[in-house]
Structure formats: C-alpha cells, structure tokens
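Numbering (the UniProt record's numbering), first residue to last: 1 to 441.
Each residue gets a CB set at the ideal place from its N, CA and C atoms; glycine is no exception.
To start, the structure under review is shown below, and the notes come after it.
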Ligand SMILES: Nc1ncnc2c1ncn2[C@@H]1O[C@H](COP(=O)(O)OP(=O)(O)OP(=O)(O)O)[C@@H](O)[C@H]1O
Ligand SMILES: [Mg+2]
C-alpha cells in the first residue's frame with residue numbers, strides 16, 4: 001500500500017519539487033495551494049501525513065496562517081503527523097507548534113535526505129501506533145469476554161481460537177447440542193471442557209465416553225447399561241454412562257464410531273430422554289446434556305450409509321470447528337512457551353516451528369516439548385532439538401545476517417517497512433531482530 005501525503009504550499013515550485021521527490025520514493029502525493037483546499041482534502045481523503053508551509057499569501061511572513069491551518073488539521077485528523085516547512089523568520093512559531101504536537105519542522109531550503117528519513121519514520125510510527133491501538137482494543141474485548149470464564153487451561157492467541165472460545169462460551173449458557181469437529185489432537189476435548197465448566201451444569205456429573213476406544217459390541221452396554229447375562233461377556237449388572245450422567249453432561253467422543261444400532265438408541269435418548277438397559281424391558285428416563293466430538297467427516301459418513309442423518313442434525317445444532325494448528329500460526333509460540341516455560345528459541349527455530357505443518361496438531365506440539373524438556377533441559381533450542389516427525393518446510397527465506405540487515409537499513413534510509421519487506425519479515429519480526437542484534441534504528 002502506498003502512503004498518501006498532502007503538501008500545502010502557495011508556491012507551485014515548492015509543490016513540484018516536493019511532489020517529484022516523494023513520488024520517486026513511492027509515496028502518493030496530493031497538493032493544495034491554500035488552507036481551504038487542504039482542509040477539504042484531509043476531510044475527504046485518507047491522508048497519512050501532511051507537509052505544510054507557514055504562509056499562504058505572498059505578503060505575509062508572520063506564520064499565523066500556518067498556525068491556524070495546523071490547528072484545524074489537527075482537529076480533523078488528530079493522528080496524522082504534520083511536518084512544518086519554515087523560513088527562519090517563523091522559527092519561533094514552528095517551535096511553538098512542535099510543542100503543540102507538530103511532528104517536526106524543516107527550515108527552508110530543506111535537505112531531501114533528511115526529509116525522507118523524517119517522513120519514513122513518522123509513517124512507520126503511525127502504523128506502529130495503529131497496531132498497538134488495535135491490539136489494545138482486542139485485548140480489552142478479549143478480557144471482557146473471557147474475564148469470568150473458566151478456560152480449562154486452553155492456551156490461544158489466534159483470532160480463530162478467540163472466536164471459537166467465544167462461541168463455546170455462548171453454547172455453554174444454552175442447552176443446545178453441540179458437535180465439536182476438528183483434526184486429531186487439535187483440542188476438541190478441551191473445548192468440551194470449556195462448555196461444561198461454563199454451563200449451569202458445572203457442578204453436575206461430567207461423563208466421557210470414547211466410542212473409538214471401545215469394541216463396537218460393547219459401546220451400547222457402555223452407554224445404556226446392561227443386565228447381568230444380557231449377552232456373552234456381561235456377567236454382572238452394568239450402569240450405563242447415560243444413567244451416570246443424569247442431571248449433568250455426557251461427552252461422546254469419536255461419535256463417528258458408534259454402530260448404527262447404537263445410533264438409533266442414541267437418537268431416542270436425545271429426543272425423549274428414554275432408553276432401556278440391554279437385556280431389560282424397563283424403560284428409564286434421564287436428563288443429560290450431550291456434547292459430541294468427531295474428527296471424521298460425518299456428512300461423508302452419511303453418504304456412505306454409516307451415519308444416520310437424523311442423528312447428525314440432532315447432535316449438530318451448532319458446530320464448533322477447531323482449526324488445525326497450522327491454520328493458526330499465532331498459537332504456536334504461545335503454546336511452546338506454555339509447555340516449555342522460560343526456554344529460549346533461536347530466531348530460526350521460532351520461524352520454522354510457526355511454519356511447520358504439525359500433522360498431529362497440539363498433541364504433537366505438546367509431546368515434542370515434553371521430549372525437548374527431557375533431552376535438552378538447558379540452553380537455547382534449535383529446530384533439530386524438537387525432532388519433528390515430518391520435514392520442516394524450506395520455503396522461508398534464509399535468516400538475514402546482521403550485515404545484511406545493516407546494509408538494507410542504509411539502502412532504505414532506515415524505513416523499517418521497506419527493510420522488512422526486503423527480507424519477507426513482518427515489521428515486528430524485524431524490530432525483534434534489530435534489538436537482538438543490537439542494530440541502531
Ligand atoms: N489450546 C490448547 N492449549 C493447551 N493445551 C492444549 C490446547 N489444545 C490442545 N491441548 C492439549 O493437547 C492435547 C490434545 O488435545 P485434545 O485431547 O483436546 O484434542 P482432540 O482434538 O480431542 O484430539 P483427538 O482427535 O485425538 O481426540 C491434550 O493434552 C490437550 O490438553
Ligand atoms: Mg479427543
């Protein structure tokens with residue numbers, strides 16, 4: 001995005017010279033020869049910086065006109081910096097305005113290089129301020145939503161997870177059925193915990209059944225219970241998980257593995273609260289909130305006749321989809337510093353881990369961190385220390401050296417945005433390197 005700069009001067013030669021200078025440095029320039037036009041432009045266009053003269057009528061030199069324009073510009077757009085161009089006679093006024101918030105003043109005739117550095121820094125500062133302001137606003141919103149919530153130890157920084165958790169907290173307050181979807185190890189169970197912990201049923205039983213971990217013939221007995229001798233292998237009476245969860249919450253994990261006969265029974269409990277233990281004709285009634293989870297594509301399972309469509313719609317009043325970890329890079333470093341507190345990563349490592357695919361998602365990351373903690377208990381960590389299972393992507397540019405960064409800083413006259421772009425880094429990432437390498441900026 002090019003930055004738009006307004007120049008206000010009654011001298012056309014000054015406007016031409018400055019426009020040319022700025023345009024060859026990739027800025028987009030708008031000019032005005034008098035305060036009235038200048039104010040109109042600032043009102044209706046997105047101007048990031050103003051360069052203004054102090055006098056607009058040929059026979060005045062007091063700087064009063066410039067002063068008036070300065071205050072009006074500030075009023076319309078308090079955040080865009082203003083650079084004053086002054087003749088030596090107006091120095092006192094210029095200094096007064098700098099105290100009142102003008103970004104800087106340049107005495108005529110100005111020095112092109114100085115002006116460019118000054119503009120570069122101000123624009124950089126302006127975007128930095130905007131980033132900080134947005135960040136603070138987010139932080140406040142986040143604190144508001146999550147302040148009184150029990151987040152069950154979930155660590156996240158990404159907006160995708162913020163949205164998901166916000167939704168989970170809303171679902172918690174209602175009694176609708178929620179289906180949590182997402183790949184292996186992404187945190188589905190954590191989300192189920194958040195729903196339960198923030199629901200009115202928090203002090204009631206929270207029972208978990210993993211349909212994927214049980215042999216198919218046992219799942220129904222596990223869910224609905226069985227009388228002794230109901231079938232081979234069942235020697236004593238068994239209380240089902242629905243009964244155990246009565247009045248509370250049942251978390252049905254890997255729901256896609258439930259056999260069709262179990263699905264019919266499940267649908268019935270969900271609709272009427274009624275079921276029978278295996279081997280019994282006595283109908284029992286419970287009141288259970290069901291949260292289910294799957295890493296399977298249930299719509300595909302429906303197409304293949306393995307999953308009942310009516311049950312799907314019953315379970316899936318609302319879907320909470322947990323994205324794969326590689327789709328929320330912002331969470332990676334937060335999770336690593338949670339699982340490996342106070343450990344330093346080399347710069348390369350941070351980047352490589354953020355770009356890694358994490359096929360096993362958070363579970364893989366957690367295990368990798370545990371391994372590192374044991375095998376390399378001290379010292380800065382490199383990618384190799386994490387012994388990742390699949391190859392680390394080599395798409396990133398090589399880490400720039402101190403000399404390369406210093407060279408680029410000189411070439412771009414210290415304009416951070418340009419230097420960052422050259423290395424394919426974000427501005428924050430570049431700042432971190434400048435600090436680490438002790439480069440003056
Ligand atoms: N955002 C997170 N913050 C902290 N720990 C997390 C987070 N997400 C997941 N974990 C941890 O990662 C592991 C896997 O998470 P979880 O069991 O919730 O995933 P899942 O989606 O249910 O996985 P699966 O599909 O294999 O059942 C757990 O140890 C969990 O505590
Ligand atoms: Mg799970």
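Proximity test, residue i beta-carbon vs ligand 1 heavy atom, cut-off 7 Å
| i | result |
| --- | --- |
| residue 190 | yes |
| residue 158 | no |
| residue 363 | yes |
| residue 335 | yes |
| residue 186 | yes |
| residue 154 | yes |
| residue 366 | yes |
| residue 322 | yes |
| residue 182 | yes |
Min CB distance residue i to chain D below 8 Å
| i | result |
| --- | --- |
| residue 321 | Considering every chain present, this structure includes no chain D. It has just one protein chain. |
Residue i to residue j span [Cα, whole Å]
| i | j | result |
| --- | --- | --- |
| residue 338 | residue 248 | 31 Å |
| residue 30 | residue 39 | 12 Å |
| residue 172 | residue 191 | 10 Å |
| residue 284 | residue 223 | 13 Å |
| residue 19 | residue 105 | 18 Å |
| residue 275 | residue 302 | 24 Å |
| residue 42 | residue 72 | 10 Å |
| residue 193 | residue 165 | 11 Å |
| residue 70 | residue 119 | 17 Å |
| residue 311 | residue 287 | 18 Å |
| residue 133 | residue 271 | 49 Å |
| residue 386 | residue 116 | 45 Å |
| residue 291 | residue 25 | 58 Å |
| residue 113 | residue 152 | 55 Å |
| residue 475 | residue 183 | Because residue 475 is not part of the residues shown, which for the chain are 1 to 441, the question remains open. |
| residue 179 | residue 268 | 17 Å |
Local Cβ density within 10 Å of residue i, reported as buried at 16 or more and exposed below that
| i | result |
| --- | --- |
| residue 36 | exposed |
| residue 137 | exposed |
| residue 440 | exposed |
| residue 7 | buried |
| residue 349 | buried |
| residue 81 | buried |
| residue 371 | exposed |
Residue i: CB within 7 Å of a non-hydrogen atom of ligand 2
| i | result |
| --- | --- |
| residue 253 | yes |
| residue 293 | yes |
Whole-Å CB distance - residue i paired with residue j, under 8 Å assumed
| i | j | result |
| --- | --- | --- |
| residue 27 | residue 51 | About 10 Å separates the two Cβ atoms, so there is no contact after all. |
| residue 211 | residue 219 | 6 Å |
| residue 54 | residue 33 | The pair is not a contact, with the Cβ atoms about 14 Å apart (cut-off 8 Å). |
| residue 175 | residue 289 | 6 Å |
| residue 432 | residue 405 | The Cβ separation is near 12 Å, so there is no contact. |
| residue 324 | residue 186 | 6 Å |
| residue 207 | residue 245 | 4 Å |
| residue 254 | residue 293 | 7 Å |
| residue 296 | residue 360 | Rounded, the Cβ-Cβ distance is 17 Å, inconsistent with contact. |
| residue 123 | residue 48 | 6 Å |
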